[in-house]
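Colleague: Before anything else, here's the structure in question.
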Amino acid sequence: MSRFPRRSSASKSFEARSAAAHRAEPSRAVRKRELRTDAGIETIAIRGGRKPDPSTGAILTPIFQTTTYAQDAVGVHKGHTYSRASNPTVSALEDALGALENTPPAVCFSTGLAAITTLFLATLKAGDHVVVSDVVYGGTVRLLNLVLEPLGITASFVDTSDVKAVEDAITSRTKLVFVETPANPTLKLVDVEAIARITKKLGIPLAVDNTFLTPVLFRPLDLGADITVYSTTKYIEGHNATVGGSISTRDAKLLDRLRLFRKSLGSIQAPFDAWLTLKGLKTLPLRIRQHSRGALEVARFLKSHPKVTKVFYPGLSEFEQYDLALRQSQGQLRAKKGLKNADSETFFGGIVAFEVAGGVDSGVTVMNNVQLCTLAENLGATETLITHPVSMTHGDVPREQRERTGITDGLIRLSVGLEDPADIIADLEQALAQVVTKATTTRTATTRTTTIKTRGRARQLA
Ligand SMILES: Cc1ncc(COP(=O)(O)O)c(C=O)c1O
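In terms of my numbering, the sequence shown has 200 at position 194, counting the first letter as 1, and numbering is strictly consecutive.
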């Protein structure tokens, strides 16, 4: 006789009944919670695309820390098979990011650069050409120059603030236009609506790296762009806790292709990072507005400081593209349409860049003397971070391209955090007080570059 007694019909029906009761629980837990179609962005960030866990009712999607998923029979499973292809926590983040931008679920990646890499490989092949903003995150330039060019994919780095220059750069081989706005680190803007009119006419997809403003402050897809790309590492997760990336689009075929490429390249996000990002996303609207308020205060302080020679911040009326910043801002667009929840304030994001009199030596003095602002790479998180693009994030951008686009050796990028702006300003003030300008003003940035020392171990550019 078997060690495992056959189940009696009575126990079978008990099992059947309890299974039915168990099945009833999830359906109660996931009853539909549709948001109003005109729900505000604060509501969407917290509730959009989210539902309690069907098996327990847990209000937060759990961290499904699993490699694989038991299948009921060959070819019969519950939608997930292996966590390189998909994972329920990552899917929950994709649903939430989709709701944020009114698209199907987004596609999430291990880093922002993994998202960009996967996008390029999914849309371009050997012989193809891509038009890219001449000011973009340095890792994007490195990817195109050092990884994709040897594979036969060529890029033209173009001043995408000039619509005509974009039109002129497009050739019969151009299969993608990729812009970043505001651009890292000089905050140059792109008129997305104008560029989209050109790319639509030519049938070329337009992708926008919207990492700096996020859909809370800027909605490229509503202005005609086809694809948005995010380093969720920045404002979306927002706490310096993860690296991650995402892509949103309404193009169903491209979504399928991105998922296929992500599975093939192995570039999916980890479940814990997705969970932290889900948590961060809830406060994104509150945080990015506060970042923006702080940044405006800091930018005004820097502008009035006698040792600061240049300030780049799209919210300053003297910023070269201030009118475009205003026109494209989500607050202004909603107000124009008479929509509810229109912001009474207009927000321009949390990044400020500046140069100090005396060039590179003075810039280095400021960066080496701040105390509250932390000298580090990254941006968009709670802590104020101060970055030297030339030796950190943009070190792999060719010198000629940096010089042509205003990424000078003395440029400082500040990601204004959520501390009291008065404390950030006080810190900058004391660091600027250490700058002695007289001996350094005669030296040009170019000749000083080689003297920038990297302390510690070998330089690792992010
Ligand atoms: C605008 C922008 N896009 C993409 C990236 C790359 O993101 P990640 O560091 O998450 O790979 C960065 C990183 O700084 C960035 O600033």
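Just so it is clear, CB atoms sit at the ideal spot from N, CA and C, and this is done for glycine as well.
Quick check on Q334: buried or exposed, where buried means 16 or more other Cβ atoms within 10 Å of its Cβ?
Modeller: buried
Colleague: I'd like to confirm something about L420: is its beta-carbon nearer than 8 Å to some heavy atom of ligand 1, or not?
Modeller: Not so, every heavy atom of ligand 1 lies at least 8 Å from the Cβ.
Colleague: Considering K316, what are the terminal residues of the beta strand (DSSP E) in which it resides?
Modeller: Per DSSP, the continuous beta strand (DSSP E) segment holding K316 begins and ends at 314 to 318.
Colleague: Can you give me the C-alpha to C-alpha distance between P111 and V82, rounded to a whole angstrom?
Modeller: 23 Å
Colleague: Could you give the DSSP three-state label for L264: helix, strand or coil?
Modeller: helix
Colleague: What's the C-alpha gap between Q440 and G321?
Modeller: 28 Å
Colleague: Would you kindly report the start and end of the unbroken alpha helix (DSSP H) that includes A175?
Modeller: 169 to 175
Colleague: Within 9 Å (strictly less), CB to CB, does V366 reach chain D?
Modeller: Given the protein chain composition of this structure (a single chain), no chain D is represented.
Colleague: Put L322 into one of helix, strand or coil per three-state DSSP.
Modeller: coil
Colleague: Quick one, which of A121, F360, G85, S162 has its alpha-carbon nearest V136's?
Modeller: Nearest option by C-alpha distance: S162.
Colleague: Once you ignore the five residues that flank D215 on each side, which residues in its own chain have a CB closer than 6 Å to its CB?
Modeller: E186, V235
Colleague: Flag this pair as yes or no: are the beta carbons of V224 and R299 separated by less than 9 Å?
Modeller: One detail in the question is off: residue 224 reads as Phe in this sequence, not Val. Not in contact: F224 and R299 (Cβ atoms no closer than 9 Å).
Colleague: With distances taken from CA atoms, which of V442, A387, D402, N375 is nearest A432?
Modeller: N375
Colleague: In three-state terms, what does DSSP make of Y88?
Modeller: strand
Colleague: Cα separation between P427 and A189?
Modeller: 23 Å
Colleague: Strictly by DSSP, which residues pair up with R203?
Modeller: Answer is none; R203 lacks a bridge partner.
Colleague: Hey, would you say the C-beta of L119 is under 8 Å away from at least one heavy atom of ligand 1?
Modeller: yes
Colleague: Can you find the residues in the same chain that come closer than 6 Å, C-beta to C-beta, to T205, ignoring five residues on each side of it along the sequence?
Modeller: Excluding positions up to five away in sequence, the list reads V183, L212.
Colleague: Which residue comes first and which comes last in the beta strand (DSSP E) that contains K181?
Modeller: 180 to 186
Colleague: According to the neighbour-count rule (16 or more other Cβ atoms, all chains shown, within 10 Å of its Cβ), is T73 buried or exposed?
Modeller: exposed
Colleague: Run through DSSP, which three-state label would S421 get?
Modeller: strand
Colleague: Measuring alpha carbon to alpha carbon, tell me which of L391, Q407, I69 ends up nearest L419.
Modeller: The sequence shown places Arg at residue 419, not Leu. Distances from the CA of R419 to each of L391, Q407, I69 were compared; the closest alpha carbon is that of L391.
Colleague: Would you kindly work out how many angstroms separate the C-alpha atoms of I233 and T109, rounded to a whole number?
Modeller: 10 Å
Colleague: Quick one: what's H135 bridged to in DSSP?
Modeller: T160, T180
Colleague: Can you determine whether any heavy atom of ligand 1 sits closer than 8 Å to the C-beta of E389, and answer yes or no?
Modeller: Incorrect: E389 has no Cβ contact closer than 8 Å to ligand 1.
Colleague: Here's the rule I'm using: 16 or more other beta-carbon atoms within 10 Å means buried, otherwise exposed. How should Q77 be labelled?
Modeller: By the neighbour-count criterion, in which a residue is buried when 16 or more other Cβ atoms sit within 10 angstroms of its Cβ, Q77 is exposed.
Colleague: Keeping to the same chain, check which residues put their C-beta closer than 7 Å to that of H311; ignore five residues upstream and five downstream.
Modeller: Only L438 meet the Cβ criterion.
Colleague: Rounded to whole angstroms, what is the Cα-Cα separation between R358 and P94?
Modeller: A small correction: the amino acid at residue 358 is Val; Arg does not occupy that position in the sequence shown. Roughly 37 Å separates the two Cα atoms.
Colleague: Within its chain, find whatever has a CB closer than 6 Å to the CB of F318; leave out the 5 residues flanking it on each side and keep chain order.
Modeller: T192, L193, A359
Colleague: Just tell me which of G46, A121, S167 has its CA closest to the CA of R263.
Modeller: A121
Colleague: Where does A432 sit, in a helix, a strand or coil, going by DSSP?
Modeller: For A432, the three-state secondary structure derived from DSSP is helix.
Colleague: If the criterion is Cβ atoms closer than 9 Å, does the pair D134 and R179 meet it?
Modeller: Taking 9 Å as the Cβ cut-off, D134 and R179 qualify as a contacting pair.
Colleague: Considering only residues of the same chain and omitting the five flanking positions on each side of E389, which have a CB-CB separation below 7 Å?
Modeller: Exclusion of the five residues before and after E389 leaves N246, T380, G423 as the residues of its chain whose Cβ lies within less than 7 Å of its Cβ.
Colleague: Could you compute how far the alpha carbon of T129 sits from the alpha carbon of K259?
Modeller: Cα to Cα, T129 sits roughly 11 Å from K259.
Colleague: Alpha carbon to alpha carbon, what distance is there between V138 and E146?
Modeller: The sequence shown places Thr at residue 146, rather than the Glu named in the question. Each residue's alpha carbon lies about 9 Å from the other.
Colleague: Closer than 8 Å: is that where the CB of N151 sits relative to any heavy atom of ligand 1?
Modeller: no
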